[in-house]
Amino acid sequence: MPTSLPTPPPPLDRLSALLERHRVRAELHHTGALCGITRFDAAAGHGYLHVLRRGELRVRHAGTPGLPRSLRFDTPTLLLYPRAVTHVFENPPDEGADFSCARLVFDGGADNPLARALPPLLAVPLSEVPGLHGALDLLLAETGRVRCGQRLLVDRLFEVVLIQLLRWLLDHPEAAGVAPGLITGLSESRLARVLVAMHAAPGEPWPLARMAEVAGMSRTAYVTCFREHVGQTPADYLNDWRIALAQGRLRDGTPMKLLAGELGYATPSALSRAFKARIGVSPRAWLGARHAAAE
Numbered sequence: 001m002p003t004s005l006p007t008p009p010p011p012l013d014r015l016s017a018l019l020e021r022h023r024v025r026a027e028l029h030h031t032g033a034l035c036g037i038t039r040f041d042a043a044a045g046h047g048y049l050h051v052l053r054r055g056e057l058r059v060r061h062a063g064t065p066g067l068p069r070s071l072r073f074d075t076p077t078l079l080l081y082p083r084a085v086t087h088v089f090e091n092p093p094d095e096g097a098d099f100s101c102a103r104l105v106f107d108g109g110a111d112n113p114l115a116r117a118l119p120p121l122l123a124v125p126l127s128e129v130p131g132l133h134g135a136l137d138l139l140l141a142e143t144g145r146v147r148c149g150q151r152l153l154v155d156r157l158f159e160v161v162l163i164q165l166l167r168w169l170l171d172h173p174e175a176a177g178v179a180p181g182l183i184t185g186l187s188e189s190r191l192a193r194v195l196v197a198m199h200a201a202p203g204e205p206w207p208l209a210r211m212a213e214v215a216g217m218s219r220t221a222y223v224t225c226f227r228e229h230v231g232q233t234p235a236d237y238l239n240d241w242r243i244a245l246a247q248g249r250l251r252d253g254t255p256m257k258l259l260a261g262e263l264g265y266a267t268p269s270a271l272s273r274a275f276k277a278r279i280g281v282s283p284r285a286w287l288g289a290r291h292a293a294a295e
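Okay, so the sequence shown: first residue is 1 according to full-length UniProt numbering, each after it adds one.
Here it is, written out as C-alpha cells:
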C-alpha cells in the first residue's frame, strides 16, 4: 500500500489578530506631483506611507538614529515610516515626481507593538510586493477625480497597501533588515503558531509546556529558538503583549477590574504590579500623564 503523506498544516493568518487589537489607520495626505522641497515633521506625531510612482526622489533625515542622512530613489518605491520621523523630500523642480502619501495613525503611537517592531524606514520597490499593482491602480483612479465617498475609500486603499507590504515583510524580514522581535518571530513558522495563538487569546494560561507543544518543539529548543528570533524570553514577550493591550484598553476607558480578567491576571493589583514593572509607573499615573499631554 502506498504511504500516505502527512497532512500539511492549515494556512496561518499572522496579521489579523495583531491588527485587530492594535489598529493602524491611514489618512490621505497628498496625491499628485510633488516638486521642490517638502518637509514631513516628526512633531505632527504621524507615521507615513509614501508611494513613489514616477520620478526621482532624494530623502534627507536630520540625524535620526538608524537612518542614513540621505537616500535617493529613481524607481517606483514604497516608503514606510511607522513612527514619527522628520524627513525631507527633495524633487527635481522641472520633472517633479508622482506621489501618493498617507499619514499613519498607530493606536498607542510609539507604544504600538507593530510600530516598535518595524525599522524606522522600510523602502521596498513596488515590483517586489505581489498583488500591489491592483490596489495602486484603484488608488490612482480614486484620487484622479472627486466622487462620493472618495476620501474614505482612498484611506481604506492605503490600509490595503500597508497590509500587502506587511505580508511581504513577514516573508522577507532579512531583506528588510528587521531586528529580532515581533516580525522575525512571526516569520518563523513554528513560533508564528504560538504568537498567533497568544495574540488571539492573551487571557488564557500560557505555561512554557503549552507554548512548546503548540510550536511542536521541546521546551529547550523552543526557548532557544524564541530568544534567537524574538530577542526575549517567551514569558517576557507574553507579559509585554498583555501590558500593551492593557494600555490600549485603559485609553478606551476599560476599568482595571474587568481588564485584569481579560488579560489573565488574578486580580487588578496583580495587573497593576506587572504594569508598573514594565512601564515604570502605575496604570493610574500613566493614564493621567497621557490625559495631561493631550490637553
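Note that CB positions come from ideal geometry on N, CA and C, so glycine has one too.
So residue i is in the alpha helix (DSSP H); what residue range does that whole segment cover?
{"i": "Pro76", "result": "Taken as a continuous stretch (DSSP letters only), Pro76 belongs to no alpha helix (DSSP H), as it is neither H nor E."}
{"i": "Val196", "result": "Ser189 to Ala200"}
{"i": "Asn239", "result": "Pro234 to Arg251"}
{"i": "Pro204", "result": "Note that residue 204 corresponds to Glu in the displayed sequence, not to Pro. No alpha helix (DSSP H) contains Glu204, which DSSP labels as neither H nor E."}
{"i": "Gly261", "result": "Met256 to Glu262"}
For residue i, which option in the options has the closest C-alpha, if you only look at C-alpha atoms?
{"i": "Ala135", "options": "His22, Thr220, Gly149 and Asp155", "result": "Asp155"}
{"i": "Leu191", "options": "Ala212, Pro283, Glu174 and Ala200", "result": "Ala212"}
{"i": "Cys35", "options": "Leu57, Ala102 and Arg21", "result": "Leu57"}
{"i": "His61", "options": "Val88, Arg273 and Glu188", "result": "Val88"}
{"i": "Ala209", "options": "Gly32, His199, Ala221 and Val281", "result": "Ala221"}
{"i": "Asp171", "options": "Pro180, Val178, Val161 and Ser187", "result": "Ser187"}
{"i": "Arg103", "options": "Leu80, Asn112, Ile279 and Phe226", "result": "Leu80"}
{"i": "Phe40", "options": "Arg14, Thr86 and Leu12", "result": "Thr86"}
{"i": "Ala175", "options": "Cys148, Gly131 and Ala123", "result": "Ala123"}
With residue i as the anchor, note down where its beta strand (DSSP E) starts and where it stops.
{"i": "Pro125", "result": "Leu122 to Pro125"}
{"i": "His61", "result": "Leu57 to His61"}
{"i": "Gly134", "result": "Where Gly134 is concerned, there is no enclosing beta strand (DSSP E), although the alpha helix (DSSP H) it sits in stretches over Leu132 to Thr143."}
{"i": "Ala33", "result": "Val24 to Ala33"}
{"i": "Thr38", "result": "Gly36 to Phe40"}
Indicate whether residue i and residue j have their beta-carbon atoms separated by less than 8 angstroms.
{"i": "Leu287", "j": "Leu238", "result": "no"}
{"i": "Leu67", "j": "Pro120", "result": "yes"}
{"i": "Ala26", "j": "Ala84", "result": "no"}
{"i": "Leu114", "j": "His22", "result": "yes"}
{"i": "Pro207", "j": "Arg242", "result": "no"}
{"i": "Leu118", "j": "Ile163", "result": "no"}
{"i": "Gly248", "j": "Gly108", "result": "yes"}
{"i": "Asp98", "j": "Ala33", "result": "yes"}
Under the assumption that residue i contacts residue j (Cβ atoms under 8 angstroms), give the Cβ distance between them as a whole number of angstroms.
{"i": "Leu139", "j": "Leu157", "result": "5 angstroms"}
{"i": "Leu271", "j": "Ala246", "result": "7 angstroms"}
{"i": "Gly185", "j": "His229", "result": "5 angstroms"}
Touching by the beta-carbon criterion (3+ pairs, under 8 angstroms), the region 74-82 and the region 49-60: yes
The region 243-262 contacting the region 221-235, beta-carbon criterion three pairs below 8 angstroms: no
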